[in-house]
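Okay, structure first, notes after.
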Amino acid sequence: MYIVEKEIKEQITDLPRVFDYVKNYLKSNNLPEFILNSDIIYFIGCGTSLYLSLSGSRFFTFKTNMETKALPGGEIWFSPKENIGDFKNLRRSAILISRSGESTEVVKAGEKFKEYGIPTLGITLEEESSLVKISQNSIVLPIKEDAIVMTKSFSSMLLTIEMIASFVKGEDLSIYKDLLNEIEKIINTANELSSNYTHYNHYIFLGLGAEEGIARESALKLEEMSLSKIEAYSTFEYRHGPKSLLEKGFLVSIYTKGIQAEEPLVDELKSYGAEVITIGGKGSDFYISDLPESLFLKVIWGQILGLNIAKSKNINVESPRNLSKVVKF
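Counting from 1, one number per residue, gives the positions in the sequence shown under our numbering.
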């Protein structure tokens with residue numbers, strides 16, 4: 001069994017551990033005041049962690065009504081004035097996200113925020129990392145991930161951000177405990193379902209709002225693991241130009257919001273010859289949950305699909321082409 005496959009399945013046991021850890025962290029009043037008192041919170045990551053930032057920031061805004069902005073670490077390091085400016089009248093903070101805590105752009109972003117007097121909260125898996133050292137406060141999750149391709153670390157860190165958002169809103173966190181009981185079933189269903197979708201020439205992922213980050217991360221998983229031709233967009237942006245390439249041999253995965261406007265979109269995409277699968281709430285081809293809190297579970301579809309496409313192509317997912325576990329300058 002590939003390490004990646006093992007770590008995808010370990011979400012069944014590791015995510016409950018993350019839940020317990022973050023719940024205790026929050027109940028012990030460890031969340032820094034600068035997060036609670038911010039006018040705007042920047043969510044910073046690179047690669048997978050950027051897409052995590054995108055989903056996490058939008059979920060955070062949805063839950064708390066606080067302004068957030070997701071940005072790549074390199075944008076802060078190299079172009080801070082164009083991205084965050086110098087607004088003295090705003091109370092600002094940043095959440096820095098890196099599995100290893102050593103991604104150069106994220107660490108350098110932390111240094112740049114320090115120059116600007118903007119306090120930071122780091123989220124990582126590594127206690128002795130540069131990210132922990134540069135951040136005013138940090139959350140170090142109690143799991144390890146060995147594969148180059150990020151899987152359970154993504155869902156774990158997104159669960160963490162979701163729980164923080166719910167805590168800030170004053171909600172009961174038990175809803176996440178209930179969702180964790182569905183992980184094994186979701187993995188098994190994704191495994192069975194995705195076996196029918198490994199033969200396409202081109203894969204498209206669409207998501208709206210917080211689901212856009214899930215769509216972009218799912219596309220990245222296929223790109224990394226199976227070297228497939230992929231694209232990802234905000235759901236309705238796909239109708240503005242990109243659909244011109246659509247034809248038979250394309251699979252479109254839509255992370256649905258359950259809104260009426262998605263129905264004619266599905267029909268339109270099918271009319272061009274594409275196969276369409278919907279992932280999300282009731283009425284979806286792959287039902288996960290109707291709850292917005294289930295966001296962290298939705299990425300499992302892309303993880304499993306990417307793995308199974310790679311297997312069908314006899315690609316070794318342990319050695320993704322041109323990739324390394326930590327990206328440093």
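We put the beta carbon where it would ideally sit given N, CA and C, even for glycine.
Please list the terminal residues of the continuous alpha helix (DSSP H) segment that includes residue i.
| i | result |
| --- | --- |
| T226 | One point to set straight first is that residue 226 is Ser, not Thr, in the sequence displayed. S226 -> alpha helix (DSSP H) spans 211-226. |
| G302 | 300-312 |
| I148 | Premise fails: I148 is in no alpha helix (DSSP H) and is neither H nor E. |
| S194 | 183-194 |
| Q11 | 11-27 |
| T104 | 104-115 |
| Y176 | 174-180 |
| I338 | Limits of the chain in this structure are 1 at one end and 329 at the other, which puts residue 338 out of reach. |
What is the DSSP secondary structure of residue i, reduced to helix, strand or coil?
| i | result |
| --- | --- |
| S49 | helix |
| G273 | coil |
| R239 | helix |
| N83 | helix |
| N137 | strand |
| G122 | strand |
| G280 | strand |
| G56 | helix |
Find out if the Cβ-Cβ distance for the pair residue i, residue j is shorter than 8 Å.
| i | j | result |
| --- | --- | --- |
| S79 | I41 | no |
| S294 | L179 | yes |
| T393 | L220 | Given that the chain is displayed from residue 1 to residue 329, the structure contains no residue 393 and the question cannot be resolved. |
| I315 | S226 | yes |
| E105 | S130 | no |
| L71 | I164 | no |
| I123 | I148 | no |
| I204 | Y255 | no |
| F296 | E162 | yes |
| F152 | D20 | Reading off the sequence shown, one finds Lys at residue 152, where the question assumed Phe. Going by C-beta atoms, K152 is not nearer than 8 Å to D20. |
| A210 | A232 | no |
| D39 | L90 | yes |
| S166 | K63 | yes |
Which one or two residues does DSSP pair with residue i in a beta bridge?
| i | result |
| --- | --- |
| Y42 | K69, A94 |
| Y203 | I230, L251 |
| F154 | Answer is none; F154 lacks a bridge partner. |
| Y287 | G280 |
Would you tell me roughly how many angstroms separate the C-alpha atoms of residue i and residue j, rounded to the nearest one?
| i | j | result |
| --- | --- | --- |
| N137 | L54 | 21 Å |
| Q260 | K298 | 20 Å |
| I118 | H202 | 42 Å |
| G283 | L291 | 14 Å |
| I309 | N188 | 16 Å |
| E263 | I76 | 39 Å |
| E111 | K81 | 14 Å |
| K169 | S28 | 16 Å |
| K313 | E268 | 30 Å |
| F154 | E217 | 9 Å |
| V317 | K9 | 15 Å |
| E5 | L307 | 7 Å |
Could you pull the start and end residues of the beta strand (DSSP E) that residue i belongs to?
| i | result |
| --- | --- |
| G246 | Note on identity: in this sequence residue 246 is Leu, with Gly being the wrong assignment. First-last for L246: undefined, no H or E at that position. |
| E231 | 230-234 |
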